[in-house]
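Engineer: This is the structure, below, for whatever I ask next.
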Amino acid sequence: MAVRDFRSELVGSFSEGSNGNPTVAMIEAAFRHHGLNWRYINCEVPPAGLADAVKGARAMGWRGFNLSIPHKVAVIAHLDKLGESAAIMGAVNCAVNREGVLIGENTDGKGFLKSLLEVVDPRGKSIVMFGAGGAARAIGVELALAGAKDITIVNRSAERAQPLVKLLNEKTKTPAELVVWPRPYRIPDGTDIVVNATSIGLGNGNQPLDIDVTSLKPQMVVADVIVDPPDTRFLRDAKSQGCTTIDGLGMLINQGVIGVKYWTGIDADPAAMRAELEAIFGG
Ligand code: NDP
101 MAVRDFRSEL
111 VGSFSEGSNG
121 NPTVAMIEAA
131 FRHHGLNWRY
141 INCEVPPAGL
151 ADAVKGARAM
161 GWRGFNLSIP
171 HKVAVIAHLD
181 KLGESAAIMG
191 AVNCAVNREG
201 VLIGENTDGK
211 GFLKSLLEVV
221 DPRGKSIVMF
231 GAGGAARAIG
241 VELALAGAKD
251 ITIVNRSAER
261 AQPLVKLLNE
271 KTKTPAELVV
281 WPRPYRIPDG
291 TDIVVNATSI
301 GLGNGNQPLD
311 IDVTSLKPQM
321 VVADVIVDPP
331 DTRFLRDAKS
341 QGCTTIDGLG
351 MLINQGVIGV
361 KYWTGIDADP
371 AAMRAELEAI
381 FGG
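Quick note on this note's numbering: the sequence shown kicks off at 101 and runs consecutively.
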């Protein structure tokens, strides 16, 4: 009788206090779909345990891992190299083991960019982005590296937004300016792409963004980062004005596609991953 080979390759994530991580379901769906004998394991790691967790992943030959808050900055001290955008952002959410060398990447913004590129190339485009937190930072840096013409950061607090505007102006070729959110905000004529990178709409599909909805024009592409629920009030308002819209699931799925490519070399089928997420969040 042949003995079955139960060895599998490992990847996973280090997070704190995360339960029912949808990324696990999405990545494992991709592994199943492509017949890969790989496992994605979500490990709860407190900040004091991060160094040991990374050492453990190295020792066990993990092919890589994702990092959630609060580990995205602290992990850098335990990695060997950083990709270009991760180095600019100073944050890593995906580590890749290349023959023993652990490389830190940031797939948050790359996932957003990949889903945007399915609709429009941001090169030479004027962007308005709401928010200045971690998601906004990742998206802003990738849009700048992709050649956006200019980026206007609209945020409630100036203190939070100033470092992001400074980072974009000093470390990329794309000029950025800060607008402290006037209520309601009017999207300037000539804007090509509008992004909600705040947490407005998270857990509440009726929560509006405080904007003059009539300032959204049909030629604008409007994107939201919110996945729960993906059908946000902001996107519905944009659709009502004739805009092309992109939901937050695309960003999350493409982070998975990029992660699977880094770790396995395979181009994962996004449809299998979207189906898994839509079963969780609705589509
Ligand atoms: P942060 O907490 O770092 O930032 C939150 C941002 O939202 C800040 O700019 C904050 O403004 C703004 N904000 C929150 N509430 C309000 C409000 N009532 N009015 C105005 N502004 C508000 O969060 P992250 O950047 O990490 O995440 C933002 C969202 O992106 C989350 O909902 C997260 O789920 C989603 N996300 C989605 C991903 C995907 O793959 N689709 C990936 C990563 C994140 P202020 O600075 O003034 O407080």
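A virtual CB, placed ideally from N, CA and C, is assigned to each residue, including glycine.
Alpha carbon to alpha carbon, how far is W162 from Q319? Give it in angstroms, no decimals.
Structural biologist: So the two alpha carbons sit approximately 45 Å from each other.
Engineer: Between the beta-carbon of V321 and the beta-carbon of L349, is there less than 8 Å?
Structural biologist: It is not a contact, given that the beta carbons lie outside the stated cut-off.
Engineer: Would you call P222 buried or exposed, if buried means 16 or more other Cβ atoms sit within 10 Å of its Cβ?
Structural biologist: Under this definition P222 is a buried residue.
Engineer: Below 8 Å, can you find three or more Cβ-Cβ pairs linking the segment 194–208 to the segment 347–362?
Structural biologist: Contact between the segment 194–208 and the segment 347–362 is present, because at least three Cβ pairs lie under 8 Å.
Engineer: Excluding the five sequence neighbours on either side, which residues of its own chain have a C-beta within less than 6 Å of the C-beta of H134, listed in chain order?
Structural biologist: Only I366 meet the Cβ criterion.
Engineer: Along the alpha helix (DSSP H) that carries I293, what are the first and last residues, could you check?
Structural biologist: That residue, I293, is in no alpha helix (DSSP H); its beta strand (DSSP E) goes 293–296.
Engineer: The alpha helix (DSSP H) with S185 in it runs from where to where?
Structural biologist: That run of the alpha helix (DSSP H) goes 184–189.
Engineer: According to DSSP, is I251 part of a helix, a strand, or is it coil?
Structural biologist: Strand.
Engineer: To which residues does DSSP link R287 through a beta bridge?
Structural biologist: Checking the sequence shown, residue 287 turns out to be Ile, not Arg. None, per the DSSP bridge assignment.
Engineer: Which word fits R107, buried or exposed, when buried means at least 16 other C-beta atoms lie within 10 angstroms of its C-beta?
Structural biologist: Label assigned to R107: exposed.
Engineer: Let's test the definition: count the other Cβ atoms within 10 Å of the Cβ of A129 and tell me whether it reaches 16, buried, or not, exposed.
Structural biologist: A129 should be labelled buried.
Engineer: Between V154 and the ligand NDP, is the CB less than 7 Å from at least one heavy atom?
Structural biologist: Every heavy atom of the ligand NDP is 7 Å or more from the Cβ of V154, so no.
Engineer: List the whole-angstrom C-beta distance separating Q341 from L316, where the pair is believed to meet the contact cut-off of C-beta under 8 Å.
Structural biologist: The Cβ separation is near 4 Å, so the contact holds.
Engineer: For a test of your reading of the model: does the CB of S108 fall under 7 Å from any non-hydrogen atom of the ligand NDP? Yes or no.
Structural biologist: No; taking the cut-off as 7 Å, the Cβ of S108 has no heavy atom of the ligand NDP nearer than that.
Engineer: Could you tell me how far apart the beta carbons of D292 and P275 are, in whole angstroms, since I believe they sit closer than 8 Å?
Structural biologist: Rounded, the Cβ-Cβ distance is 15 Å, inconsistent with contact.
Engineer: Does the beta carbon of I311 fall short of 7 Å from some heavy atom of the ligand NDP?
Structural biologist: No, since every heavy atom of the ligand NDP falls outside the 7 Å radius drawn around the Cβ of I311.
Engineer: What does DSSP give as the partner residues of V201 in its beta bridges?
Structural biologist: Answer is R198, bridged to V201.
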